[in-house]
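J.: Protein chains in written order, with the working numbering: chain E, 1 to 307; chain F, 308 to 614. From the three backbone atoms N, C-alpha and C, an ideal C-beta is built for every residue, glycine too. Below: one structure in structure tokens.
Number of protein chains: 2
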Amino acid sequence: MEGVRVRRVIQCVPNFSEGRRTEIVERIVDAIKSAAPVKVIDYSMDPDHNRSVITFLGEPEDIRVSILAGVRLAIDLIDLNKHEGEHPRIGAADVIPVVPIVGVSMEEAVQLGHAIGRDIAEELEVPVYYYEECALRDRCKNLADIRKGGFEALKVGGLVGDRAPDVGPSRVHPTAGATVVGARGPLIAYNVNLATDDVAVARRIAAKIRALRDSGQGMAGVKAIGVYLKSRGIAQVSTNITRPHLIGLWEVYSFVEREARAEGVEVLESELIGSLRLEAVVDALRSAIKCENLTQTRVIEHQLLPW
Amino acid sequence: MEGVRVRRVIQCVPNFSEGRRTEIVERIVDAIKSAAPVKVIDYSMDPDHNRSVITFLGEPEDIRVSILAGVRLAIDLIDLNKHEGEHPRIGAADVIPVVPIVGVSMEEAVQLGHAIGRDIAEELEVPVYYYEECALRDRCKNLADIRKGGFEALKVGGLVGDRAPDVGPSRVHPTAGATVVGARGPLIAYNVNLATDDVAVARRIAAKIRALRDSGQGMAGVKAIGVYLKSRGIAQVSTNITRPHLIGLWEVYSFVEREARAEGVEVLESELIGSLRLEAVVDALRSAIKCENLTQTRVIEHQLLPW
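Okay, here's the thing in structure tokens:
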């Protein structure tokens, strides 16, 4: 067996405001892949949210080059004035999180986020807000606040006062809006689909999750909304699991299943957006089968990782 | 990101007939570690079974050197005449499976198994049976048949006829018995502990698993027995999952849970022995949370493996 190899890996998970036209998403993926030696490990499109999420890995320097190429093309191809979708958004390249994975500190990820923000602001003339660990001001820490009212609110209100960007022009880009960039820890985007067309059920379950979280009685770090998936005629509890080491996939799934059943509704299936860490998979299965001694170290592939 | 690196990895999972005296198991682990550059990723001791399982990874040539060192020490330290335990066994080094993991074909694993068998037979004068993919004769394919009656039956009956070893002396080693060596695919050793001291419940559930398997109506490749864990005063359904791509951890756990509940008994917990593949973890969680799009490729660590 070989010794430890030093490696530096960042994950970048840009969200673009296009989830219906496959050819546009594929062109953005190609632009990201072609610009530098990064590895695109997943991309998914959601027609109801009209949004796509691309997940890629690479060294920090390569991530910086690739994401700029992707955002440049997205700005060319996506016009927010013609965009309709369930999900709140302010930009063609709506939000760009970077996540330290291996051999990179959060501080380095923050520096990368700031560099990406400056690139977008200066080269593409799109105003940029920094969020999460990249935030320069307290108000920017929460993505929901920045996005409130979406592109339309920014256009009407202008980028003044609380809405002044952290870097870039102080006017909204006429078609591409603005972009949010930040560094954060691992997050799992996870949806549970219900066997009902009654969105009220999903909304009640999401509200219970938020209430538990806000009261500190459970569901720590879980963001949840109930949405109606028009294309499939079903209700969905759409979540972001932001502290997966505390509350993971199994806790969210089993909570939604129990609450839905209490209303006489079954879970149809669940779905992941993007990628997740091995630890999150192992933690969830450990809970599901009550197997305390199921740890990452028992997973052969974990033992074969080059660090 | 870097290109593909060629690597050859075998997993070796020897079972030794000592599960109570920690210092003996630790000395065997040290012997394995010291003899060649292999990586011991797990070892566990079971006092009821009076048995230990060591899991290590390495290149085939290193595995061969390490396992011989471990078996040599086990033969010095373990006397089967003084051994008592739940689990059927015929040797101090009872069974030695080798499993191809990366860059090694089953044929190469079979060759390694045969080389290990010759080493033990010639250098340590212990008779060796080949099983699974290493088997030279049909009767040896099933471990249970070889082990029937254990060390005691071999001593009394002698190694003649059907019991003649595949390689090595045709008399039982006076203290170390005989050893079974073979190559096989991944197997998951998995136990579900019940909140009852009534071993009959565990035995009935195990019998149902075997009946389903033998009738081809489910539980493909699952071996199951019900045992009583004296040290804890509880009943256990002890299984080997030999075709984890067909029936995995979740199917076994949820079957046992359902059957136990039908008898008014809860599952206390479950436990793994040794290691498992990432695929087995992902498959099990996919079933548990009905998440069709949870695949290995979404696991970031999978994307960072060096091949």
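#1: F:R454: buried (16+ other C-beta within 10 angstroms of its C-beta) or exposed?
#2: Would you please state the rounded distance, in angstroms, between the beta carbons of E:R89 and E:G150? I believe it to be under 8 Å.
#3: Are three or more beta carbon pairs between the region 512-531 of chain F and the region 423-443 of chain F nearer than 8 Å?
#4: Shorter than 7 Å from the beta carbon of E:A284 to some beta carbon of chain F?
#5: Pick from E:P100, E:L80, E:I75: whose alpha carbon is nearest that of E:P60?
#6: When the Cα of F:A591 is compared with those of F:G581, F:A569, F:E558, which residue comes out closest?
#7: Suppose the cutoff is 6 Å on Cβ atoms and the five residues either side in sequence are ignored; what does the same chain contact list for E:V169 look like?
#8: Anything in chain F within Cβ reach of E:Q236, meaning under 9 Å, just list it in chain order.
#9: Assuming F:A400 is part of the beta strand (DSSP E), what are its boundary residues?
#10: Taking only the alpha-carbon atoms, compute the straight-line gap between E:I339 and E:I120 and give it to the nearest angstrom.
#11: What three-state label does DSSP hand E:R5 in the structure shown?
#12: Using DSSP with H/G/I as helix, E/B as strand and the rest coil, what is E:L295?
#13: Since F:T486 is in the beta strand (DSSP E), which residue starts that stretch and which ends it?
#14: Taking only the alpha-carbon atoms, compute the straight-line gap between F:R584 and E:H302 and give it to the nearest angstrom.
#15: May I have the straight-line CA-CA distance separating E:R20 from E:E123, to the nearest angstrom?
#16: Could you run through the region 18-44 of chain E and flag, in chain order, every residue whose CB is less than 9 Å away from some CB of chain F?
#17: Can the beta-carbon of E:M219 be found closer than 7 Å to that of E:I247?
#18: Would you say E:M1 reaches chain F, if we count a Cβ-Cβ gap shorter than 7 Å as a contact?
#19: I want to verify the contact list: residues of chain F whose CB lies under 8 Å from the CB of E:L272, in sequence order.
#20: By the DSSP assignment, the beta strand (DSSP E) with F:A531 in it spans what residues?
#21: Just mark E:G161 as buried or exposed, buried being the case when its beta carbon has 16 or more other beta carbons within 10 Å.
#22: Check for me: the beta strand (DSSP E) holding E:L272 runs from which residue to which?
#23: Should F:T329 go down as buried or exposed, given a rule of 16 or more other Cβ atoms within 10 Å for buried?
#24: List the residues of chain E whose Cβ lies closer than 8 Å to the Cβ of F:A471, in chain order.
#25: Assign E:Q217 to buried or exposed, taking buried as 16 or more other Cβ atoms, counted over all protein chains shown, within 10 Å of its Cβ.
#26: If you follow the alpha helix (DSSP H) that F:E439 is part of, which residue opens it and which one closes it?
#27: Label F:H617 either buried or exposed according to how many other C-beta atoms from any shown protein chain fall within 10 Å of its C-beta, with 16 as the threshold for buried.
#28: Terminal residues of the continuous alpha helix (DSSP H) containing E:D119?
#29: My assumption, with CB atoms under 8 Å, is that F:G540 sits in contact with F:D505. Please give the rounded CB distance.
#30: Distance check for F:V316 and F:V409, CA to CA, integer angstroms please.
#31: Distance check for E:C291 and F:E566, CA to CA, integer angstroms please.
#32: State buried or exposed for F:T604, treating a residue as buried only when at least 16 other CB atoms are found within 10 Å of its CB.
#33: By Cβ distance below 6 Å, which residues in the same chain neighbour E:E86 in space, the five residues on each side in sequence not counted?
#34: Under 7 Å, Cβ to Cβ, is there at least one residue of chain F near E:V281?
#35: Compare the C-alpha of F:R520 against each of F:A595, F:M352, F:F562 and name the closest.
T.: So, to answer that:
#1: Locating residue 454 of chain F in the second sequence gives position 147, where the first residue counts as 1. Flag for F:R454 reads buried.
#2: Along the first sequence, one-based indexing puts residue 89 of chain E at 89. Along the first sequence, one-based indexing puts residue 150 of chain E at 150. Contact holds; Cβ gap of about 6 Å.
#3: no
#4: Residue mapping note: residue 284 of chain E aligns to position 284 of the first sequence, counting from 1. At least one chain F Cβ lies under 7 Å of E:A284.
#5: For the purposes of this step, residue 60 of chain E is taken as the residue at position 60 of the first sequence. Measuring from the Cα of E:P60, the nearest candidate turns out to be E:P100.
#6: Numbered from its first residue, the second sequence carries residue 591 of chain F at position 284. Considering only alpha carbons, the answer is F:E558.
#7: Here residue 169 of chain E corresponds to residue number 169 of the first sequence, with the count starting at 1. The sequence as given places Pro at residue 169 of chain E; Val does not occur at that position. Once the five neighbours on either side are set aside, the close Cβ partners of E:P169 are E125, P127.
#8: For the purposes of this step, residue 236 of chain E is taken as the residue at position 236 of the first sequence. Correct list: empty, because the minimum Cβ distance to chain F is about 13 Å.
#9: One-based indexing of the second sequence puts residue 400 of chain F at position 93. Counting along the chain, the beta strand (DSSP E) containing F:A400 begins and ends at 400-409.
#10: What is shown of chain E runs 1 to 307, which leaves residue 339 of chain E out entirely.
#11: Translated into the one-based positions of the first sequence, residue 5 of chain E becomes position 5. With a pLDDT of only 47 at E:R5, under 50, the local geometry of the prediction cannot be trusted, and no value is derived from it.
#12: Your numbering for residue 295 of chain E matches position 295 in the first sequence. Checking the displayed sequence, the identity of residue 295 of chain E turns out to be Thr instead of Leu. Coil at E:T295, not helix or strand.
#13: On the second sequence, residue 486 of chain F is found 179 positions in, with the first residue counted as 1. Segment 486-490, the beta strand (DSSP E) holding F:T486.
#14: For the purposes of this step, residue 584 of chain F is taken as the residue at position 277 of the second sequence. For the purposes of this step, residue 302 of chain E is taken as the residue at position 302 of the first sequence. Their backbone Cα atoms lie some 9 Å apart in a straight line.
#15: Counted from its first residue, the first sequence places residue 20 of chain E at position 20. Counted from its first residue, the first sequence places residue 123 of chain E at position 123. Answer to the nearest angstrom: the Cα atoms are 27 Å apart.
#16: P37, V38, K39, I41, D42, S44
#17: For this step, residue 219 of chain E is matched to residue 219 along the first sequence. For this step, residue 247 of chain E is matched to residue 247 along the first sequence. Yes, the Cβ-Cβ distance between E:M219 and E:I247 is below 7 Å.
#18: Walking along the first sequence from the start, residue 1 of chain E turns up at place 1. Residue confidence for E:M1 is low, a pLDDT of 41 falling below 50, so the modelled location carries little weight; the figure read from the coordinates is stated next. Answer yes: the Cβ-Cβ gap between E:M1 and chain F drops below 7 Å somewhere.
#19: What you label residue 272 of chain E is simply residue 272 of the first sequence in a count that begins at 1. Simply C598, N600, L601, R605.
#20: Here residue 531 of chain F refers to the residue found at position 224 of the second sequence. Note, F:A531: beta strand (DSSP E), 529-536.
#21: Here residue 161 of chain E refers to the residue found at position 161 of the first sequence. Counting Cβ neighbours within 10 Å, E:G161 comes out exposed, since fewer than 16 surround it.
#22: On the first sequence, residue 272 of chain E is found 272 positions in, with the first residue counted as 1. 267-273 is the extent of the beta strand (DSSP E) around E:L272.
#23: Walking along the second sequence from the start, residue 329 of chain F turns up at place 22. Counting Cβ neighbours within 10 Å, F:T329 comes out exposed, since fewer than 16 surround it.
#24: As a first step, residue 471 of chain F must be located in the second sequence, where it is residue number 164. Ordered by position in chain E, no residue passes the 8 Å Cβ test against F:A471, which lies about 35 Å from the chain.
#25: Here residue 217 of chain E refers to the residue found at position 217 when the first sequence is read from its first residue. Counting Cβ neighbours within 10 Å, E:Q217 comes out exposed, since fewer than 16 surround it.
#26: One-based indexing of the second sequence puts residue 439 of chain F at position 132. Element bounds for F:E439: not the alpha helix (DSSP H) but the beta strand (DSSP E), 435-439.
#27: The question about residue 617 of chain F has no answer here: the residues shown for chain F are numbered 308 through 614.
#28: As a first step, residue 119 of chain E is located in the first sequence; it is residue number 119 there, counting from the start. Run containing E:D119: 106-124, per the alpha helix (DSSP H) assignment.
#29: Position 233 of the second sequence holds residue 540 of chain F. Position 198 of the second sequence holds residue 505 of chain F. The Cβ separation is near 11 Å, so there is no contact.
#30: The count along the second sequence starts at 1 and reaches residue 409 of chain F at position 102. The count along the second sequence starts at 1 and reaches residue 316 of chain F at position 9. Answer to the nearest angstrom: the Cα atoms are 5 Å apart.
#31: For the purposes of this step, residue 566 of chain F is taken as the residue at position 259 of the second sequence. For the purposes of this step, residue 291 of chain E is taken as the residue at position 291 of the first sequence. Cα to Cα, the separation comes out at about 18 Å.
#32: Counting from one through the second sequence, the residue named residue 604 of chain F turns up at place 297. Looking at its Cβ environment, which holds fewer than 16 other Cβ atoms inside 10 Å, F:T604 is exposed.
#33: Translated into the one-based positions of the first sequence, residue 86 of chain E becomes position 86. Same-chain partners within the cutoff: D48, H49, V227.
#34: In the first sequence, residue 281 of chain E corresponds to position 281, counting from 1. At least one chain F Cβ lies under 7 Å of E:V281.
#35: If you number the second sequence from 1, residue 520 of chain F lands on position 213. Comparing Cα positions, the closest option is F:F562.
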